[in-house]
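A.B. asks: Residue numbers (our numbering), protein chains in the order written: chain A, 191 to 415; chain B, 346 to 496. The C-beta atom is built at its ideal place from N, Cα and C for all residues, glycine as well.
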Amino acid sequence: MSNGEEGSGLAGWLASFGLVRSGRRVPLWTQPLAARTGDTHATRALRHLVGILQGVDAPVLLDLGLLSGSNVTFFGRETSCRLVVNDLYSELDRAARAGYAGGLSAVITGAITQPDASLDGVLCWDVFDYLEPDEAAALAAAIRRVLKPRGVVLAMFSTVMYEAAEFTRYTVEDLDHIRHTPQPAELKQRRIWSSRDVVRLFAPLVPDETYLLKHGEREVLLRKA
Amino acid sequence: MTPESSGAESRPPSEKAHIGRSVVIKGELDGSEDLVIDGHVEGKIELREHTLTVGSNGRIKAQVFAKAVVVLGELVGNINAAERVEIRENGSVDGDIVAPRVAIAEGAHFRGSIDMQRKGQPTKPAAPGDARLPAPGVAVTAAATPPRAAS
Numbered sequence: 191m192s193n194g195e196e197g198s199g200l201a202g203w204l205a206s207f208g209l210v211r212s213g214r215r216v217p218l219w220t221q222p223l224a225a226r227t228g229d230t231h232a233t234r235a236l237r238h239l240v241g242i243l244q245g246v247d248a249p250v251l252l253d254l255g256l257l258s259g260s261n262v263t264f265f266g267r268e269t270s271c272r273l274v275v276n277d278l279y280s281e282l283d284r285a286a287r288a289g290y291a292g293g294l295s296a297v298i299t300g301a302i303t304q305p306d307a308s309l310d311g312v313l314c315w316d317v318f319d320y321l322e323p324d325e326a327a328a329l330a331a332a333i334r335r336v337l338k339p340r341g342v343v344l345a346m347f348s349t350v351m352y353e354a355a356e357f358t359r360y361t362v363e364d365l366d367h368i369r370h371t372p373q374p375a376e377l378k379q380r381r382i383w384s385s386r387d388v389v390r391l392f393a394p395l396v397p398d399e400t401y402l403l404k405h406g407e408r409e410v411l412l413r414k415a
Numbered sequence: 346m347t348p349e350s351s352g353a354e355s356r357p358p359s360e361k362a363h364i365g366r367s368v369v370i371k372g373e374l375d376g377s378e379d380l381v382i383d384g385h386v387e388g389k390i391e392l393r394e395h396t397l398t399v400g401s402n403g404r405i406k407a408q409v410f411a412k413a414v415v416v417l418g419e420l421v422g423n424i425n426a427a428e429r430v431e432i433r434e435n436g437s438v439d440g441d442i443v444a445p446r447v448a449i450a451e452g453a454h455f456r457g458s459i460d461m462q463r464k465g466q467p468t469k470p471a472a473p474g475d476a477r478l479p480a481p482g483v484a485v486t487a488a489a490t491p492p493r494a495a496s
């Protein structure tokens, strides 16, 4: 089995038949684990999310990300929304440190306490990358419950497997750029979600916009019918 | 010699009322000057035209109405500020905030909702001559627990 070197092992064998271009689309299990860097990256979905919320009267937006004062200011200024801050990452991490790493579904269900159909938007950032399928299903179900009809979810999914146990603090710089700052955590990234898995996870919410960005992140905007 | 004006304008701007760390108050607290709290307060705090500062040792469990609120300690309860709310590093707020400006420093804790009113929307200024406002100073409408004697 390949040790991850381009052109060797299985990838090289496939490349010799032209089935895989050497140096591209190397099978996941051959890829070395990546490291997060604290860089500013482009975002395409954020502008759409803001645009949707600007069209809502007195929107209510739930932010599940790590607390960021500048994000509070940004969303308040751009959307005049009521921003509900619920740092799910920290709650999951606390539970993991306490030894509940195998059963975070209860933590998730207990964390999303908003009434049914009470929110116009939910900002998930990349929290799903840290969840097992059953935990992700619990979070997706909670989001479906609290979203109003025509409500919108923004979720990000990494297409790269990161080695370190870290969260990413997403700090909005403007409508088109977000700074990614690694932050030590107990939880590690669990998996890479395929587009099909994301659609199934959130069904019957419908993908509205999907962007695959150069820095290896997929941004998905979904709407509730 | 300049004649002194009466009322709040004559007090030096740096003068603030202070509740020390050993003081525990349960009830309604209202006043017409800036207030710094390093003790424990439960109930309701109303400083409509002034600034409430929750000191690093302050532990508040109350509904707060003020012109501005600065939190260096811990506050559990809803905050309604006419101008701004600041949660400083190591400050902690659990509750809903309604204020035109909210600043949360890195290292602060916050859980709740933030409603930053649109510009131009009227806030809730205190009416002049409001009979509810006490004479200058801080009024406490419930008994305060005196400092315990050192054992």
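Using a C-beta to C-beta distance shorter than 8 Å, which residues of chain B count as neighbours of A:V275?
C.D. replies: Those are F455, R456, G457, S458, I459, listed as they occur along chain B.
A.B. asks: In chain B, which residues lie less than 8 Å from A:R272 when you measure between Cβ atoms?
C.D. replies: Simply S458, I459, D460.
A.B. asks: Could you work out which residues of chain B lie near A:V262, taking near to mean beta carbons separated by less than 7 Å?
C.D. replies: Per Cβ cutoff of 7 Å: V447, I449, I459.
A.B. asks: Would you mind stating whether B:V438 and B:A426 have Cβ atoms separated by less than 8 Å?
C.D. replies: Result no, Cβ atoms of B:V438 and B:A426 do not sit closer than 8 Å.
A.B. asks: Anything in chain B within Cβ reach of A:G241, meaning under 8 Å, just list it in chain order.
C.D. replies: Within 8 Å Cβ-Cβ: nothing; A:G241 doesn't reach chain B, min ~18 Å.
A.B. asks: Please tell me whether B:G452 and B:E428 are closer than 8 Å, where the distance is taken between their beta carbons.
C.D. replies: Their beta carbons are not under 8 Å apart, which means B:G452 does not touch B:E428 by this criterion.
A.B. asks: Is the separation between the beta-carbon of B:M313 and that of A:G259 shorter than 8 Å?
C.D. replies: Past the boundaries of the shown model lies residue 313 of chain B; chain B is included only from 346 to 496, so the question cannot be answered.
A.B. asks: Which value, in whole angstroms, describes the spacing of the CA atoms of A:L377 and B:E419?
C.D. replies: Each residue's Cα considered, the two are about 28 Å apart.
A.B. asks: On the criterion of 16 or more Cβ atoms from any shown chain inside 10 Å, does A:T227 qualify as buried, or is it exposed?
C.D. replies: Classification of A:T227: exposed, given that the 10 Å Cβ count is below 16.
A.B. asks: Excluding the five sequence neighbours on either side, which residues of its own chain have a C-beta within less than 8 Å of the C-beta of A:L309, listed in chain order?
C.D. replies: These residues qualify, in order along the chain: V250, L251, L252, V274, V336, L337, K338, G341.
A.B. asks: Using a Cβ-Cβ cut-off of 6 Å (strictly less than) and excluding sequence neighbours within five positions of A:L402, which residues of its own chain qualify?
C.D. replies: Within the same chain, A:L402 has close Cβ partners R408.
A.B. asks: So with CB distances below 8 Å, who are the chain B contacts of A:G266?
C.D. replies: Per Cβ cutoff of 8 Å: V447, I459, M461.
A.B. asks: Let me check understanding here. Comparing Cα to Cα, which of B:V369, B:I405, B:I364 lies closest to B:L380?
C.D. replies: Here the closest residue by C-alpha is B:I364.
A.B. asks: Roughly how many angstroms separate the alpha carbons of A:P397 and B:G422, rounded to a whole number?
C.D. replies: Distance between the alpha carbons of A:P397 and B:G422: 38 Å.
A.B. asks: At which residues does the beta strand (DSSP E) containing B:A362 begin and terminate?
C.D. replies: Counting along the chain, the beta strand (DSSP E) containing B:A362 begins and ends at 362-364.
A.B. asks: Out of A:H367, A:A327, A:P372, point me to the one whose CA is closest to A:W383's CA.
C.D. replies: Closest option to A:W383, Cα to Cα, is A:A327.
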